[in-house]
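Novice: Counting with mature numbering (1 follows the signal peptide of the UniProt record, and there is no 0), you get residues -15 to -1, 1 to 304 for the letters of the sequence shown.
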Amino acid sequence: MLLALPFVIFSVVLAAQANIAHGAQGVSRRHPVRLSQPRAPLETPKNLKKRKSCKAPTTSKTTAKATSAIHTTTSTKKTTTTTKKAATTPVAQIAVAGVLKVTDNACGPNGATTKISSSAGPNGAEEWLNCGITGSGWKPPYLGTKDIISKDLASAIKDSNSPFKACAAYVSLFEKHAAEHGLPPIMLASFAMQESSCNKDTVGGNGEQGLMQITQDKCGGAPGGNCRDPDFNIKTAASYFANTLNDNGGNLLLTIGQYNGWDVGLTAKKATSVRYSDCLAQQNLDYLHQFLNGWMQNVDAYSAGLGTFHNLDVCPGKK
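This is how it looks when you write it as structure tokens:
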């Protein structure tokens, strides 16, 4: 009996060790050991709001937009902030017959398309029209009045969707004064739409007058001193534009740009330099594309959202 007792004790000890090992294996399978706890993923900020102010920010989406505009010619703009209304008809569905045939050695292929989009149209891509503006400075390709694609104003205004309905009362004046200088009537009407939405009573921020927003130094001889008289206003603007076109050796693109304050060598940085001091005094970097591929094609450039910069959209008071 005494000899058997150590054997019994030894057996009990072995059984206990086996149970402990088995239990440890079960815990290990259900609760694997980690060297560290996993970090919760960073949350992406939600509901970021676009800036609607021209005040200089510490970290601003408008500043980011300006940088994008300077370094990306196809889109800012594009991390773009825009207040323009969406087109009722998708602009990509608007097509025209024929495209610009002009090329330029410095600026390359013109990128013209039969379908009008935010970045291109029958008179070339915005990047081409704005050649150099995001780099060393604007180098306008040469375009003559006979080169461009445009609609006939009298026919265009009959379209129920024509943006020129507001100009209906002045069509004969546009036709008369355009003919005097060998210009397409829709070109003068396009200036009126771009500058005043064809409102003869418009007075600009710097005193610009009437349909064509002519400056006050050109108001001499206005009937009764009324520089906003439609006939005088259109005639004066047409004459000024034609004379400037002649001085520019017939370069239509350069002359259209100068109507909006552009000049050779203009850069996006310079055009937007007054963003925080006098926001609406910036040159509209989409002006050429909106003018040539929007208004002159009987398309409302604003409601269609034409352009890739939209640098005026951040300005208070911009419609």
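Virtual Cβ for every residue (Gly too), placed ideally from N, Cα, C.
#1: Which two residues bound the contiguous alpha helix (DSSP H) that contains Lys254?
#2: Between Gly246 and the ligand HEM, is the CB less than 7 angstroms from at least one heavy atom?
#3: Rounded C-beta distance between Thr221 and Ile199? I'm assuming under 8 angstroms.
#4: Indicate the three-state DSSP secondary structure (helix, strand or coil) for Ile219 in the structure shown.
#5: Taking the alpha carbon of Asn296 as the point to measure from, which residue in Ala266, Asp285 and Ala207 has its own alpha carbon closest?
#6: Leaving out the 5 sequence neighbours to the left and right, which residues in its chain are closer than 7 angstroms to Pro94 when beta-carbon positions are compared?
#7: Quick one: is Ser157 buried, meaning 16 or more other Cβ sit within 10 Å of its Cβ, or exposed?
#8: Could you compute how far the alpha carbon of Ala71 sits from the alpha carbon of Gly195?
#9: The alpha helix (DSSP H) spanning Glu160 covers which residue range?
#10: Straight-line CA distance for Gly83 to Lys100?
#11: Name the DSSP bridge partner or partners of Ile199?
#12: Return the residue from the list Ser103, Asp248 and Ala97 that minimises the CA-CA distance to Pro113.
#13: Where Met197 and Phe149 are concerned, what is the direct C-alpha to C-alpha distance, given to the nearest angstrom?
#14: Are the C-beta of Asp202 and some C-beta of chain B separated by less than 8 angstroms?
#15: Considering only DSSP beta bridges, list what Val188 is partnered with.
#16: With a cut-off of 8 angstroms, do at least 3 Cβ pairs link the region 256 to 265 to the region 223 to 240?
#17: For residue 348, which residues from the same chain have a beta carbon less than 6 angstroms from its beta carbon, with the 5 sequence-adjacent residues on both sides left out?
#18: Does DSSP classify Asp232 as helix, strand or coil?
#19: Comparing C-alpha positions only, which one of Tyr272, Val188, Ala177 and Lys86 sits nearest to Pro107?
#20: Gly83 lies in the alpha helix (DSSP H); which residues open and close that run?
#21: How long is the line joining the alpha carbons of Lys203 and Ile142, rounded to whole angstroms?
#22: Candidates Leu138, Ala110, Asn191 and Asn184: which alpha carbon is nearest Pro125's?
#23: At the level of alpha carbons, what is the spacing between Val284 and Thr257?
#24: In its own chain, which residues sit with a C-beta less than 8 angstroms from the C-beta of Ala153, not counting the 5 before and 5 after it?
#25: Out of curiosity, what's the CA-to-CA distance linking Val249 and Ile134?
#26: To the nearest angstrom, how far is it from the Cα of Leu237 to the Cα of Asp132?
#27: If you scan the region 236 to 296 from start to end, which runs of the alpha helix (DSSP H) of 4 or more residues do you find wholly inside it?
#28: So, for Tyr127: in the same chain, excluding its five sequence neighbours on each side, which residues have a beta-carbon less than 6 angstroms away from its beta-carbon?
#29: Using the three-state DSSP reduction, which class does Arg93 fall into: helix, strand or coil?
#30: Could you compute how far the alpha carbon of Gly205 sits from the alpha carbon of Ser145?
#31: Run through DSSP, which three-state label would Lys150 get?
Specialist: Taking the definition as stated:
#1: Per DSSP, Lys254 belongs to the alpha helix (DSSP H) from Ala253 to Ala256.
#2: Questions concerning the ligand HEM fall outside what the structure shown contains, since it holds no ligand whatsoever.
#3: Confirmed, about 5 angstroms.
#4: Ile219: helix per DSSP, three-state reduction.
#5: By alpha-carbon distance to Asn296, the top candidate from Ala266, Asp285 and Ala207 is Ala266.
#6: Short of 7 angstroms from the beta carbon of Pro94, and not among the five residues preceding or following it, lie these beta carbons of its own chain, in chain order: Thr88.
#7: Its Cβ having fewer than 16 others within 10 Å, Ser157 is exposed.
#8: Below a pLDDT of 50, predicted positions are generally treated as unreliable, and Ala71, at 38, falls in that range; the measurement from the model is reported next regardless. Cα to Cα, Ala71 sits roughly 28 angstroms from Gly195.
#9: First-last of the alpha helix (DSSP H) with Glu160: Val156 to Ala164.
#10: When rounded, the distance between both Cα atoms is 10 angstroms.
#11: Partner(s): Gln194.
#12: Looking at the sequence itself, residue 113 is Trp, so the reference to Pro does not match. Comparing Cα-Cα distances from Trp113 to each of Ser103, Asp248 and Ala97, the minimum goes to Ala97.
#13: Each residue's alpha carbon lies about 14 angstroms from the other.
#14: As a matter of chain content, chain B is missing from the structure shown, which is built from one protein chain.
#15: Answer is Gln194, bridged to Val188.
#16: Contact between the region 256 to 265 and the region 223 to 240 is absent, because fewer than three Cβ pairs lie under 8 angstroms.
#17: The first residue shown for the chain is -15 and the last is 304, placing residue 348 beyond what the model contains.
#18: Reduced to three states, the DSSP call for Asp232 is helix.
#19: Among Tyr272, Val188, Ala177 and Lys86, the Cα nearest to that of Pro107 belongs to Lys86.
#20: No alpha helix (DSSP H) holds Gly83; DSSP gives it neither H nor E.
#21: Roughly 29 angstroms between the two C-alpha positions.
#22: Closest in alpha carbon position to Pro125, among Leu138, Ala110, Asn191 and Asn184, is Ala110.
#23: Their backbone Cα atoms lie some 26 angstroms apart in a straight line.
#24: Excluding positions up to five away in sequence, the list reads Ile142.
#25: When rounded, the distance between both Cα atoms is 23 angstroms.
#26: Between Leu237 and Asp132, the C-alpha separation is close to 9 angstroms.
#27: As far as the region 236 to 296 is concerned, its whole alpha helix (DSSP H) runs of at least 4 residues are 237 to 244, 253 to 256 and 272 to 278.
#28: Result list for Tyr127: Asn236, in chain order.
#29: Checking the sequence shown, residue 93 turns out to be Gly, not Arg. Reduced to three states, the DSSP call for Gly93 is strand.
#30: Between Gly205 and Ser145, the C-alpha separation is close to 38 angstroms.
#31: Shown here, Lys150 sits in a helix according to DSSP, grouped into three states.
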